[in-house]
Amino acid sequence: MPRLATGEILSSFCLTEPDSGSDAASLRTTAVRDGDHYLLNGTKRYITNGPEADLFTVMARTDPDNKGAGGISAFIVEGDTPGLMRGPADNKMGQKGAHTCDIIFDNCRVPAENIIGGQEGQGFKTAMKVLDRGRLHISAVCVGVAERLVEESLRYTMERKQFGAPLAEHQLVQAMLADSKTEAYAGKTMVMDAARRKDDGENVSTLASCCKLFCAEMVGRVADRAVQVHGGAGYMSEYAVERFYRDVRLFRIYEGTTQIQQLVIARNMVREAS
Ligand SMILES: Cc1cc2nc3c(=O)[nH]c(=O)nc-3n(C[C@H](O)[C@H](O)[C@H](O)COP(=O)(O)OP(=O)(O)OC[C@H]3O[C@@H](n4cnc5c(N)ncnc54)[C@H](O)[C@@H]3O)c2cc1C
14 MPRLATGEIL SSFCLTEPDS GSDAASLRTT AVRDGDHYLL NGTKRYITNG
64 PEADLFTVMA RTDPDNKGAG GISAFIVEGD TPGLMRGPAD NKMGQKGAHT
114 CDIIFDNCRV PAENIIGGQE GQGFKTAMKV LDRGRLHISA VCVGVAERLV
164 EESLRYTMER KQFGAPLAEH QLVQAMLADS KTEAYAGKTM VMDAARRKDD
214 GENVSTLASC CKLFCAEMVG RVADRAVQVH GGAGYMSEYA VERFYRDVRL
264 FRIYEGTTQI QQLVIARNMV REAS
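Mapped onto our numbering, the consecutive letters of the sequence shown carry residue numbers 14 to 287.
The structure is reproduced here in structure tokens:
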């Protein structure tokens, strides 16, 4: 843990597979008990930090008869364990600083004591607990990027002049600046509220999904406006907004897509009302 905290070692979270993305509970990687070990077999896809990670949290099915979430367990697997292989780094649209790749397990022998929670069948619950927190985290990242984009947009539009006046004095440009500022503020307020409630011990599963849904979509709109107020410059890679425009696209996809957040929110609403 101290080495993870200092960044001396990196870890990865292995849930997604080639045939199991949004429907994560359908994962097929298997972990079969063999004496004091488990033998892991399967492929994980798009794993962030995969090329560099020293430690992997791996979700695998320990009960082949249970095709749902209850058959899944979580394991800690060290990066140099024989049978753990890394595919070539993926060629991504953005977020070039965060590398992803396939992680392939081929009879990878993991000590039985590396099962998280000490017993089989807890893995999916563990993954979902992590995702609640992860969704709040991603939401906060979206807010941070949105604030940076508002700053970039304001600076550029105050400096550049067209029609004899700074862009920031033209009302249609002001509308874009104001909408982005307002949306970034709304996102920040949501995340702060949900995070406070989580700190107070409240179950924030619905609120974390609300934050992820709103903030990921919000930063997409803010990035789009940031490119627009920069005009042609916004399309050029010398300007930060071009990179952010590509980078933020991911937020609507990972840690549960926007559609999955909608399903989680509505499902929880119906359950709570029944
Ligand atoms: C750069 C990057 C990094 C990632 N890092 C990790 C990582 O570290 N660890 C990890 O485990 N995973 C990681 N992922 C995987 C990511 O979590 C998945 O890509 C994501 O959950 C979506 O799964 P999928 O790609 O299989 O899309 P699919 O599940 O095939 O979805 C395709 C589309 O269908 C929609 N859809 C699916 N089911 C429904 C439904 N029931 N109702 C309505 N719409 C639906 C989705 O919203 C989406 O729009 C990463 C992905 C990327 C791109």
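Here a beta-carbon is modelled for each residue, glycine too, at the ideal position from N, C-alpha and C. Quantities reported herein were computed from a predicted structural model and do not represent experimental measurements.
CA-to-CA distance, residue j to residue i, given in whole angstroms
| i | j | result |
| --- | --- | --- |
| ASP212 | THR139 | 18 angstroms |
| MET171 | VAL235 | 18 angstroms |
| ALA37 | LEU180 | 47 angstroms |
| HIS243 | THR19 | 38 angstroms |
| MET203 | GLY48 | 49 angstroms |
| HIS50 | VAL240 | 53 angstroms |
| ALA229 | THR271 | 8 angstroms |
| GLU215 | THR113 | 33 angstroms |
| LEU185 | GLY81 | 52 angstroms |
| THR219 | ASN281 | 7 angstroms |
| SER24 | GLY92 | 9 angstroms |
| LYS142 | LYS174 | 50 angstroms |
| PHE264 | ARG16 | 28 angstroms |
| LYS57 | MET231 | 30 angstroms |
| GLY245 | ALA178 | 18 angstroms |
| VAL254 | ARG46 | 50 angstroms |
| ASN104 | THR61 | 12 angstroms |
| ASP260 | LEU276 | 25 angstroms |
| ARG256 | ASN79 | 44 angstroms |
| PRO101 | ILE116 | 9 angstroms |
| ALA188 | THR195 | 10 angstroms |
| GLY233 | SER35 | 21 angstroms |
| SER250 | MET205 | 33 angstroms |
| GLU285 | MET14 | 37 angstroms |
Environment of residue i [buried if 16+ CB atoms lie within 10 Å]
| i | result |
| --- | --- |
| SER287 | exposed |
| LEU53 | buried |
| TYR59 | buried |
| MET72 | buried |
| TYR258 | buried |
| LEU190 | buried |
| VAL283 | exposed |
| ASP145 | buried |
| GLU21 | exposed |
| GLU268 | buried |
| TYR248 | exposed |
| GLY131 | exposed |
| SER166 | buried |
| PHE26 | buried |
Residues near residue i in its chain [Cβ-Cβ closer than 8 angstroms; skip 5 each side]
| i | result |
| --- | --- |
| CYS223 | MET203, ALA207, GLN274 and ILE278 |
| PRO77 | THR43 and GLY84 |
| ARG41 | GLU30, ASP32, SER33, GLY55 and ARG74 |
| GLU65 | LEU23 and HIS112 |
| LEU28 | ALA37, LEU40, LYS57, MET72 and ALA140 |
| PHE176 | HIS183 |
Cβ shell of residue i (< 7 angstroms), same chain only, five flanking positions each side left out
| i | result |
| --- | --- |
| ILE89 | LEU68, THR70, ASN127 and ILE129 |
| TYR252 | HIS243 and ALA246 |
| TYR169 | VAL242 and HIS243 |
Residues near residue i in its chain [Cβ-Cβ closer than 6 angstroms; skip 5 each side]
| i | result |
| --- | --- |
| THR94 | CYS121 |
| VAL217 | ALA207, ARG210 and LYS211 |
Supposed contact pair residue j and residue i - C-beta distance, whole angstroms, cut 8 angstroms
| i | j | result |
| --- | --- | --- |
| GLY96 | PHE118 | 6 angstroms |
| SER193 | ARG262 | About 17 angstroms separates the two Cβ atoms, so there is no contact after all. |
| ARG99 | GLY157 | That pair is no contact at about 30 angstroms. |
**Report entry** Any 3 or more C-beta pairs closer than 8 angstroms across the stretch 198–206 and the stretch 122–135
**Finding:** no
Query raised in the report: Do three or more CB pairs link the stretch 159–175 to the stretch 95–112 at distances below 8 angstroms?
Result: With a cut-off of 8 angstroms, the stretch 95–112 and the stretch 159–175 do not count as touching, because too few Cβ pairs lie within range.
Query - Three-pair Cβ contact test at 8 angstroms for the stretch 128–142 versus the stretch 71–90 - result: yes
Report task. Evaluate the contact criterion for the stretch 146–154 versus the stretch 214–232: three or more CB pairs, one atom per stretch, below 8 angstroms. Result -> yes
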